[in-house]
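First the structure, in the form of structure tokens, and then the observations on it.
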Amino acid sequence: MRQHDEHPAARDVVRIVGVADATKPQPKRLAPALEPAPLVPELEFFNGLGGFADDGREYVTVLGPGRSTPAPWINVIANPAFGFQVATEGSGYTWSLNSRENQITPWSNDPIADRTGEAFYLRDEDTGAVWTPTALPMRNEVATYVARHGRGYSAFAHTAHGIAAELLQYVPVDGALKVSRLTLRNLTNRPRRISLTAYAEWVLGPSRSATAPFVTTAIDAETGALFARNPWNADFGSRVAFLDMAGRQTSWTSDRREFIGRNDTLADPAALRSAAPLSGLVGAGFDPCGAMRAQVELRPHASTELIVFLGEAADAPAARHLITRFRAADLDAVLAEVTRSWDDVLGAVEVRTPDRAMDIMLNGWLLYQTLACRVWARAAFYQASGAYGFRDQLQDGMALAPLRPEMTRAHLLRAAARQFVEGDVQHWWLPHSGRGVRTRISDDRAWLAFAAAHYVRVSGDLGVLDDRVPFLEGQRLNPGEHEAFFPPTVSDETASLFEHCARALDQSLALGGHGLPLIGTGDWNDGMNRVGEHGEGESVWLGWFLHAALTAFAPLADGRGETSRAARWRLHAEGLVAALDGEAWDGDWYRRAFFDDGTPLGSAMDEECRIDSLAQSWAVLSGAADPARARRAMAAVERELIWPGEGLALLFTPPFDRTVLDPGYIKGYPPGIRENGGQYTHAALWSVMAFAALGEGDKAAALFSMLNPINHTRTRSDVLRYKVEPYVLAADVYAMPPHAGRGGWTWYTGSAGWMQRAGIESILGLRKEGNMLRLDPCIPRDWPDFELTVRHGSARYIIMVENPSGVSRGIAAATLDGMAIEVAPLLVALEDGAGDRVIHIRLG
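First residue of the sequence shown: 25, per our numbering; consecutive thereafter.
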């Protein structure tokens with residue numbers, strides 16, 4: 025504990041947590057009833073609950089009297105092996121190595137109660153008053169709580185009983201522990217005796233109800249930290265979790281009943297009703313928890329900082345080492361390293377456009393969501409998965425390829441290692457054990473080659489195709505069996521990444537009666553698992569996507585001398601084009617699929633699912649459709665599926681409800697919910713990219729803006745309708761009353777990576793190809809200009825685009841450092857160490 029009157033570290037915490045000058049003028053555009061708390065700085069896009077600060081890098085939520093978020097608004101904070109999530113009220117959970125199988129504290133996805141398994145309590149030891157620095161678990165309904173979610177940290181501020189409390193939480197770049205730093209400032213003219221009690225409910229497995237009887241605790245004699253183990257956890261039983269107050273703890277208990285009391289709750293724990301120390305109980309046989317207490321004395325107007333570590337290590341010696349290391353660490357430097365690491369990733373490309381909401385999302389939030397949640401945590405409020413999805417993280421890696429190619433490369437090899445010798449793959453798997461599910465879902469295989477070709481094009485790294493990766497072996501699916509979950513074995517057979525991709529494509533060439541790829545038990549839409557369950561159903565969307573994968577990967581085969589394979593793939597792609605043109609066209613748009621018995625799905629003749637966006641957008645994105653038909657299909661998407669008045673872009677319409685057709689479990693969703701005719705943002709972003717590919721910059725940007733969560737939450741009424749976070753993308757938005765416009769599953773959605781690509785690549789027209797930048801914007805005609813800054817090593821490329829003629833696409837002139845660029849299409853060589861280079865582009 026450090027006590028000071030003016031300590032520099034305390035000033036840093038205050039700066040991050042964000043208590044601003046009370047004299048700072050407030051936004052005049054707000055009605056008095058919606059004014060933020062007086063100590064909160066002016067926020068961008070303030071909606072009565074929150075807004076963006078720090079140039080869009082933080083989202084600040086102000087929970088004033090009677091105010092709460094309509095659903096939990098969380099942050100996901102992680103490094104590759106450890107992390108936690110935390111909501112604006114302070115609730116959340118922590119995990120290590122696997123966010124589902126090895127939870128340190130309990131995950132809860134109850135959007136109503138939002139029960140937490142972690143808490144901090146403050147107690148005035150002179151008066152007996154008890155409160156928390158966050159709105160949960162003890163909220164003063166007439167007080168104000170401020171929460172800030174940023175890149176790699178969350179911070180909370182609350183003042184009560186003459187004590188200003190500021191809580192800052194983060195995870196180090198390379199440490200498996202959660203750092204909580206609580207700064208207390210005595211605002212009164214008298215000395216204060218304040219205690220802090222840190223509380224955590226141990227899980228040490230997939231669920232508390234399953235593991236609680238087996239958790240044992242002990243005080244480590246060397247460090248004084250509380251250790252917790254669950255030896256009955258088959259995968260993580262040797263590991264040791266710990267709770268520590270930087271060695272300042274004076275009492276503790278591991279008995280949850282003692283702490284909370286019989287029939288009591290965390291909102292009024294029995295152990296805080298008196299000044300008695302915690303009992304010191306540790307061992308086995310308790311309802312397990314970790315509770316620790318430390319006490320400070322504060323002079324008038326002085327400040328102090330209390331530290332709490334919650335973490336896990338491989339064994340007791342490793343836990344001691346981790347605790348000792350961070351007790352001695354400069355925690356300001358640790359935080360600075362976290363901030364610097366995120367700035368390095370998220371600041372590689374910066375945009376400045378006439379659309380401020382677009383800038384905020386493209387300048388960090390989308391890629392933060394992709395990397396912190398999708399790639400590292402693999403968990404958020406609505407799902408704690410811990411697993412890799414075969415197609416899922418391959419797509420996330422495609423968004424990261426220009427910025428962190430080494431991450432994309434590593435995951436390509438990781439995914440290839442989940443392929444069976446027969447060529448099919450695990451649809452998802454748990455990385456710590458290898459257990460996963462083998463399915464008949466048809467598109468996974470093609471994603472491996474598609475993603476590998478994208479990575480090679482972006483990075484120029486052809487060598488990855490030579491890396492050798494083993495296959496898997498395991499039980500095959502029986503006839504009529506959709507899937508099987510089991511731990512496969514690693515085969516003795518290995519092959520290059522190229523061969524893995526090629527084998528996956530070779531196994532994807534089977535065709536149905538219409539000459540289209542077999543859909544199996546689902547293509548991109550897993551919910552359509554009974555369209556082709558008997559092995560005869562076909563997918564129109566997969567036809568376009570497989571064409572794109574084959575034609576992207578065939579040149580790589582040519583380069584390796586696999587010319588016969590490349591020729592076979594190209595010939596197959598040509599056959600797909602013929603079948604799609606002859607069998608899939610419905611007259612105004614493309615059908616979605618054919619059932620096992622040949623019945624079309626996604627036809628104008630259908631009462632439900634008349635038109636599906638996937639078949640239309642990928643007709644464009646594949647480059648394979650007849651241009652006139654592609655434009656007509658996207659015009660149908662605009663007319664039938666995009667509802668500007670409601671702010672929705674539907675996956676298909678009408679939703680499944682009463683039809684006799686049985687497409688699969690998708691029909692079990694209520695109409696207009698998730699994939700069943702709601703907005704599925706992932707697919708809507710492919711429509712953005714398709715409009716841009718057609719040169720329709722106005723339509724592409726308008727749809728991008730409509731999908732932007734900031735624009736769903738501009739006012740208080742918008743917030744109450746949309747409900748979920750304004751700063752990250754939702755996988756889905758409900759389309760039917762009484763929930764129309766309500767956001768669904770947030771954070772853990774691949775939509776974030778595709779939105780980043782739609783904005784940067786399709787609209788702003790910036791693509792990296794090896795050591796070259798390709799520039800081909802497709803923007804709204806009323807944009808006068810925009811600017812991009814691209815970091816390449818120590819060089820910066822400042823790209824200034826002017827649009828004096830009011831066009832969407834077309835480069836009339838370009839210069840690099842004042843010298844004309846005559847190359848068409850516009851390509852600029854990237855040079856490290858070149859300092860600042862300026863590219864001027866004039867559209868026309």
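For glycine and all other residues, C-beta sits at the position ideal for the given N, C-alpha and C. The model shown is predicted, which means the values in this text are computed figures rather than measured ones.
The C-alpha of E246 lies about 15 Å from the C-alpha of A265. Between the alpha carbons of T277 and A340 lies a distance of about 19 Å. For T518, the closest of L437, H763 and L542 by C-alpha to C-alpha distance is L437.
Across the set P94, N71 and G90, the C-alpha of N71 shows the shortest separation from the C-alpha of Y83. By the 16-neighbour rule on beta-carbons within 10 angstroms, G116 is buried. Check the Cα spacing between R492 and each of N126, W471 and S515: the tightest is with S515. Three or more Cβ pairs closer than 8 Å define a contact, and the region 96-109 meets that threshold against the region 398-408. An exposed status is given to T739, since fewer than 16 other beta-carbon atoms sit within 10 Å of its beta-carbon. Pairing V752 with G702 gives a Cβ-Cβ distance that is not under 8 Å. DSSP links N99 through a beta bridge to V110. Every beta strand (DSSP E) of 3 residues or more that sits fully in the region 750-825 is shown, in chain order, as 790-793, 796-799 and 809-816. Between the region 242-262 and the region 289-303, the count of C-beta pairs closer than 8 Å stays below three; the two stretches do not touch. In the DSSP annotation of this structure, the continuous segment of the beta strand (DSSP E) that includes A837 starts and ends at I835 to L840. Using a Cβ distance threshold of 8 Å, A181 and V170 count as a contacting pair.
Judged by beta-carbon spacing, Y392 lies within the 8 Å limit of R175, meaning their Cβ atoms are closer than that value. Cβ neighbours of L840 within its own chain (closer than 7 Å, five residues either side excluded): V852, R861 and I863. When the five nearest sequence neighbours on each side are left out, the beta carbons in the same chain lying within less than 7 Å of the beta carbon of G285 are those of P293 and A294, in order along the chain. Counting along the chain, the unbroken alpha helix (DSSP H) around Q417 starts and ends at F414 to L424.
Around the beta carbon of R500, fewer than 16 other beta carbons lie within 10 angstroms, which makes this residue exposed.
Of all alpha-carbon atoms in I465, Q450, A258 and D134, the one lying nearest the alpha-carbon of R459 is that of Q450. For V373, the enclosing beta strand (DSSP E) stretches over residues V373 to R376.
Residue environment analysis places F522 among the buried positions, since at least 16 neighbouring C-beta atoms fall within 10 angstroms of its C-beta. Beta-bridge annotation (DSSP): F444 is paired with L496.
Along the length of the region 287-358, whole beta strand (DSSP E) runs at least 3 residues long occupy 312-322 and 327-337, reported in chain order. Per the coordinates, the alpha-carbon of A357 lies some 30 Å from the alpha-carbon of G777.
Between the region 785-799 and the region 478-490 there are three or more inter-stretch CB-CB distances shorter than 8 Å, so the stretches are counted as touching. As for any alpha helix (DSSP H) of minimum length 4 sitting wholly inside the region 651-723, the runs are 651-664 and 705-717, ordered along the chain. Out of L386, S219, G765 and I845, the CA that lies nearest to the CA of R147 is found in S219.
For T156, the closest of G199, A222 and S178 by C-alpha to C-alpha distance is A222. Beta-carbon to beta-carbon, H571 and L600 are separated by about 5 Å, close enough to satisfy the 8 Å threshold. F676 and C633 do touch by the CB rule: their CB atoms are close to 5 Å apart, below 8 Å. In the structure shown, S729 adopts helical secondary structure according to DSSP, grouped into three states. For the pair E846 and L395, the Cα-to-Cα distance works out to about 37 Å. Taking the Cα positions, I331 is about 5 Å away from R205. Rounded to whole angstroms, the gap between the alpha carbons of D550 and E557 is 12 Å. In the three-state scheme derived from DSSP, where H, G and I count as helix and E and B as strand, I243 is classed as strand.
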